[in-house]
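Number of protein chains: 2
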Amino acid sequence: MKLIIDCLGGDKGYPAMIGGALKAQEIRNDLFCTFVGDENEIRAYLSSHAHDEQRVEIVHAPGVITGNDKPTDAIRLKKDSSMIKGISLLRENDDYNGIISTGATGALVACSTLRLGRVRGIRRPAFCPILPTMTGGIVGICDSGANMDVTPAMILQYALMGSLYIKNVFGVESPRTALLNVGTEEEKGDDLHRAAYALLRDCPFVNFVGNMEGRDLLSGKYDLVVCDGFSGNILVKTTEGTALTLLKKIKTDIYSKTRYKIGALFMKKMFAEEKEFMNYQNYGGSVLLGIEKIVVKGHGSSDEYAVFKCVDQAYAMLKNNLNEQLENTLAQCEVE
Amino acid sequence: MKLIIDCLGGDKGYPAMIGGALKAQEIRNDLFCTFVGDENEIRAYLSSHAHDEQRVEIVHAPGVITGNDKPTDAIRLKKDSSMIKGISLLRENDDYNGIISTGATGALVACSTLRLGRVRGIRRPAFCPILPTMTGGIVGICDSGANMDVTPAMILQYALMGSLYIKNVFGVESPRTALLNVGTEEEKGDDLHRAAYALLRDCPFVNFVGNMEGRDLLSGKYDLVVCDGFSGNILVKTTEGTALTLLKKIKTDIYSKTRYKIGALFMKKMFAEEKEFMNYQNYGGSVLLGIEKIVVKGHGSSDEYAVFKCVDQAYAMLKNNLNEQLENTLAQCEVE
């Protein structure tokens, strides 16, 4: 298992990226990591942290792609950047299995799609981030924004890819899959969603349980929600944003009265846990499903633990031959 | 000011509908209310509650439209229902200015649009619910789901209608208006949203401040967010749902440990306030903008206070001649 670690582009730099990967190596004996970034910086970090020299490699590419770079320009002009270099390595060498990056999302999607190619039969790759549910489980959201122009068949493919991912990486045998819509009734939504509903209902490889409204994402009733990338993006960001806003409001309100401050002393641990519950970093990165090699996008602010989770997700996908399973399923599905 | 109160279709029945309207009459001396529903039930309620007999009227129409009725069937077949009867009264009699209903949304939109007609120049009416912000203000969301198939020009009209509404009913002089999108940069989103962005940016009657991501709805940075009805519906339901889910989780967690229970005793009032903060009923109903008469849709579970707010919203819109202002603005706007 050879994974490429794009050390640049995240907010927390080399310590988070390298530290997270080394943490994953501790529990995965057959994991080899290639660190791409500034050679001196990587070497400096490694020299002061325990690691297995036989399982690390350094590739020098000190350039950074930022959110301000236009993805197509970045690919063309920033060949010395860690992200583009990392993806080129993946493309050119069959030994490399995947990449973990916390860099610019647009460039990562564009470059992965163009350079690495898609799994045979897949129309478009899709992001599938994970959120926690009220019942202690997780829910995947696919697609959370990789594609803006979507067809019903693409949404069906999101369900096929997402189901295999949730099953193989999170151990949910037959993921209950819902379609994000404006109401639960079959006829709800626009033409796109009505057509997607029909495809999902009729597909034997999807455990389709019907439409889901935005309010039920964290209910624990669903393991996977499929959606067009536009509304999926709204769903994920709104869920995270509302939770953080509310926790911030509670914090502010606690400081407004002495009795609240006293009460909060008893509940300190609980509030810390609520915050952790909604901390998406604990649930790993957003996997770009449907690409021939494994691509995991961690949040820009990922810390060491978050990177560790990203690396371990990629490892689990490889270990379970996710893409091979996906090709097999697609071969049995006939979608116009 | 003559408002029609559709007494059926809500969960809390006559007491909420009539009680809320009478409450509004207490502070608005020139408000006349026509209660539509079962005559005996309405009479029974009024006989035991103080009211000004000169300012109430009863119209008998005891049928109910439910969420299971197909809107077009309901209009055709349920002429004795309070909603259809109420809208017919509005249509036939210029004295009536508007309707407040907590009944089935689909039927209300369809029947209002077909029977009452649109403000001259308006392509499609749009819902504009209100949510609270972290900074103590409010934010309107337009459209939250009246239309699923949307054009850029329709989104511009949502901004024009919503701005006038927020200004006249909530007293915000020049509402900061954002477009719901998957990122803040100008080029984000699909063709629809890029084209809408350009129209909004160039319109002198909209205080356009750029794209907004789902996570920032409650930030207080915006007074109005415009969106296609599909993603607007996701935005509103996800915001409400996440907040309620999180509060429910906190409540469950409090009961898990004695020290949390003790702490919560000090904070009882605060938690009640947080719940009230996210209780959409406190912010009135969802106004259907762009219809020639005033149509306010309250939530199905509206209590007396929520209905009072809905009635008072309708009153404020009438008092400020919202539709006349809208016609004037539209006459000055040239949209393809």
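Chains as they are written, first to last, in the numbering used here: chain A, 10 to 345; chain B, 10 to 345.
A virtual CB, placed ideally from N, CA and C, is assigned to each residue, including glycine.
Treat the numbers as computed from the prediction; the structure is a model and nothing was measured.
Q. Is it buried or exposed for lysine 278(A), if we count other Cβ within 10 angstroms and need 16 for buried?
A. Lysine 278(A) counts as exposed, since fewer than 16 other C-beta atoms from the protein chains shown sit within 10 angstroms of its C-beta.
Q: With a threshold of 16 other CB atoms inside 10 Å of the CB of glutamate 345(B), please say whether the residue is buried or exposed.
A: Note that glutamate 345(B) scores a pLDDT of 49, beneath 50, so its modelled location is shaky; the value from the coordinates is reported in the next line. Exposed, by the Cβ-count rule.
Q. What's the call for aspartate 104(A), buried or exposed, on a 16-neighbour Cβ count within 10 Å?
A. An exposed status is given to aspartate 104(A), since fewer than 16 other beta-carbon atoms sit within 10 Å of its beta-carbon.
Q: Name the one or two DSSP bridge partners that histidine 298(A) has.
A: Checking the displayed sequence, the identity of residue 298(A) turns out to be leucine instead of histidine. In DSSP, leucine 298(A) forms a bridge with Ala135(A).
Q.
Between which residues of its own chain and arginine 129(A) is the CB-CB distance below 8 Å, once the five residues before and five after are set aside?
A. The answer, listed in chain order, is Glu336, Leu339.
Q) Any residues in the region 269-286 of chain A with a beta carbon nearer than 9 Å to a beta carbon of chain B? Which ones, in chain order? A) Residues are counted here when their Cβ sits less than 9 Å from a Cβ of chain B; for the region 269-286 of chain A these are Tyr269, Lys270, Ile271, Gly272, Ala273, Leu274, Phe275, Met276, Lys277, Lys278, Met279, Phe280, Glu282, Glu283, Phe286, given in chain order.
Q) Nearest-angstrom Cα distance between glycine 126(B) and glycine 219(A)? A) One C-alpha to the other measures close to 35 Å.
Q: Using the DSSP secondary-structure output, state which residues sit across from leucine 60(B) in a beta bridge.
A: Here residue 60(B) is histidine; the residue named in the question, leucine, does not match the sequence. Partner(s): none; histidine 60(B) has no beta bridge.
Q. Do leucine 188(B) and leucine 209(B) come within 7 Å of each other at the CB atom, strictly closer than that value?
A. Result yes, Cβ atoms of leucine 209(B) and leucine 188(B) sit closer than 7 Å.
Q: Keeping to the same chain, check which residues put their C-beta closer than 7 Å to that of alanine 25(B); ignore five residues upstream and five downstream.
A: Cβ neighbours of alanine 25(B) beyond the five flanking positions: Gly19, Ser311, Asp312, Glu313, Val316.
Q) Residues in the region 120-154 of chain B with C-beta within 7 Å of chain A's C-beta atoms, listed in sequence order? A) Residues Met143, Gly154.
Q: Rounded to whole angstroms, what's the CA-CA distance from threonine 75(A) to threonine 111(A)? Just pull it up for me.
A: Distance between the alpha carbons of threonine 75(A) and threonine 111(A) is about 11 Å.
Q) What are the residues that DSSP puts in a beta bridge with alanine 113(B)? A) According to DSSP, alanine 113(B) bridges with nothing at all.
Q. Distance, Cα to Cα, methionine 92(A) vs leucine 17(A)?
A. For methionine 92(A) and leucine 17(A), the distance between alpha carbons rounds to 8 Å.
Q: Ignore the nearest five residues each way along the sequence and tell me which others in threonine 144(A)'s own chain have a CB closer than 7 Å to its CB.
A: If we look at threonine 144(A) and ignore the five residues flanking it on each side, its Cβ neighbours are Gly229.
**Q.** Residue interval of the beta strand (DSSP E) (run including cysteine 42(B))
**A.** For cysteine 42(B), the uninterrupted beta strand (DSSP E) run begins and ends at 41-46, by DSSP.
(Q) With the cut-off set at 7 Å, would you say asparagine 242(B) and valine 73(A) are in Cβ contact? (A) Contact check for asparagine 242(B) against valine 73(A) fails: the beta carbons are separated by 7 Å or more.
Q.
Please return the same chain residues whose Cβ sits closer than 8 Å to the Cβ of glutamine 334(B), not counting the five positions on each side in sequence.
A. These residues qualify, in order along the chain: Leu173, Asn177.
Q: For chain B, find out if any of its Cβ atoms is closer than 7 Å to the Cβ of asparagine 329(A); answer yes or no.
A: Taking 7 Å as the threshold, the shortest C-beta distance from asparagine 329(A) to chain B does not fall below it.
Q) What is the rounded straight-line gap between the Cα of threonine 160(A) and the Cα of tyrosine 167(A)? A) Near 11 Å, if we compare the C-alpha coordinates of tyrosine 167(A) and threonine 160(A).
Q. Helix, strand or coil for serine 97(B) per DSSP?
A. Reduced to three states, the DSSP call for serine 97(B) is helix.
**Q.** the region 243-258 of chain A / the region 284-304 of chain A touching (three or more Cβ pairs under 8 Å)
**A.** Enough Cβ pairs lie closer than 8 Å, so yes.
Q. Looking only at C-alpha atoms, which of Gln322(A), Lys257(A), Thr193(A) sits nearest to arginine 37(A)?
A. Considering only alpha carbons, the answer is Gln322(A).
Q: Starting from the beta carbon of leucine 169(B), find every residue of chain A whose beta carbon is closer than 7 Å, and list them in chain order.
A: Residues of chain A passing the Cβ test: none, with the nearest at roughly 23 Å.
Q. Going by the CB atoms, is the gap between isoleucine 164(B) and valine 65(B) shorter than 7 Å?
A. No, Cβ-Cβ distance for valine 65(B) and isoleucine 164(B) is not below 7 Å.
Q. Can you list, in chain order, the residues of its chain whose CB lies under 6 Å from that of glycine 115(A), leaving out five sequence neighbours each side?
A. The answer, listed in chain order, is Pro80.
Q.
Looking only at its chain, what residues have a beta carbon closer than 7 Å to the beta carbon of glutamate 182(A), apart from the 5 residues adjacent to it on each side?
A. Within the same chain, glutamate 182(A) has close Cβ partners Lys176.
(Q) Run through the DSSP bridge pairs and tell me what valine 91(B) is partnered with. (A) Looking at the sequence shown, residue 91(B) is not valine but serine. Beta bridge pairing from DSSP links serine 91(B) with no other residue.
Q) Hey, would you say leucine 233(B) sits closer than 7 Å to glycine 146(B), going by beta carbons? A) Not a contact, by the Cβ cut-off of 7 Å.
Q.
My output table needs one value for methionine 143(A): the three-state DSSP class, helix, strand or coil.
A. In the structure shown, methionine 143(A) sits in coil (DSSP, three-state: anything other than H, G, I, E or B).
Q. Going by other Cβ atoms of all chains shown within 10 Å of its Cβ, with 16 needed for buried, is histidine 202(A) buried or exposed?
A. So histidine 202(A) counts as buried.
**Q.** Rounded Cβ spacing between proline 134(A) and glycine 299(A) (contact assumed at less than 8 Å)
**A.** Sure, about 4 Å apart at Cβ, within 8 Å.
Q: Identify every run of the beta strand (DSSP E) within the region 249-318 of chain B, keeping only runs that are complete inside it and at least 3 residues long; order them along the chain.
A: Whole beta strand (DSSP E) segments, 3+ residues: 295-298, 303-306.
Q: Under the assumption that isoleucine 14(A) contacts cysteine 42(A) (Cβ atoms under 8 Å), give the Cβ distance between them as a whole number of angstroms.
A: Contact check for isoleucine 14(A) and cysteine 42(A): beta-carbon distance about 5 Å, within the 8 Å limit, so the pair qualifies.
Q: May I ask which residues mark the beginning and end of the beta strand (DSSP E) holding glycine 219(B)?
A: From DSSP, the beta strand (DSSP E) with glycine 219(B) extends over 216-221.
Q: Closer than 6 Å by C-beta to leucine 117(A): which residues in its own chain qualify, once you throw out the five before and the five after it? Chain order, please.
A: Excluding residues within five positions, the ones whose Cβ falls inside 6 Å are Ser110, Lys306.
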